[in-house]
Amino acid sequence: DPLPGCRFVSRCPYAMDVCRKEDPPIKDVGGGHMVACYLL
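Each number in our numbering corresponds to the 1-based position in the sequence shown with 76 added.
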């Protein structure tokens, strides 16, 4: 099983504590695009 948290936390300059602990929610940003980030 993968560890909890965002898979990009080690390379994201904006990573926060929550990014290391929980998977971010997936959001529809339109145009058929989805993102998973606490900052959006």
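The C-beta atom is built at its ideal place from N, Cα and C for all residues, glycine as well.
**Request:** Look up V94 in the DSSP assignment and say whether it is helix, strand or coil.
**Result:** On the sequence shown, residue 94 is found 18 positions in, with the first residue counted as 1. Correct three-state label for V94: helix.
**V85 (DSSP reduced to helix, strand or coil)** = Sequence index remark: in the sequence shown, residue 85 carries index 9 (1-based). Looking at V85 - three-state DSSP - the assignment turns out to be coil, as it is neither helix nor strand.
**Request:** Taking A91 and I102 to be in contact with their CB atoms under 8 Å, please state how far apart those CB atoms are, rounded to whole angstroms.
**Result:** Here residue 91 corresponds to residue number 15 of the sequence shown, with the count starting at 1. Here residue 102 corresponds to residue number 26 of the sequence shown, with the count starting at 1. Actually they are not in contact, since the Cβ atoms of A91 and I102 sit about 18 Å apart, beyond 8 Å.
**Prompt:** Once you ignore the five residues that flank V105 on each side, which residues in its own chain have a CB closer than 8 Å to its CB?
**Reply:** Position 29 of the sequence shown, counted from the start, is the residue given in the question as residue 105. The answer, listed in chain order, is V111, L116.
**Prompt:** With 16 other CB atoms within 10 Å as the buried threshold, where does C88 fall?
**Reply:** As a position in the sequence shown, residue 88 is number 12, starting the count at 1. Result: exposed.
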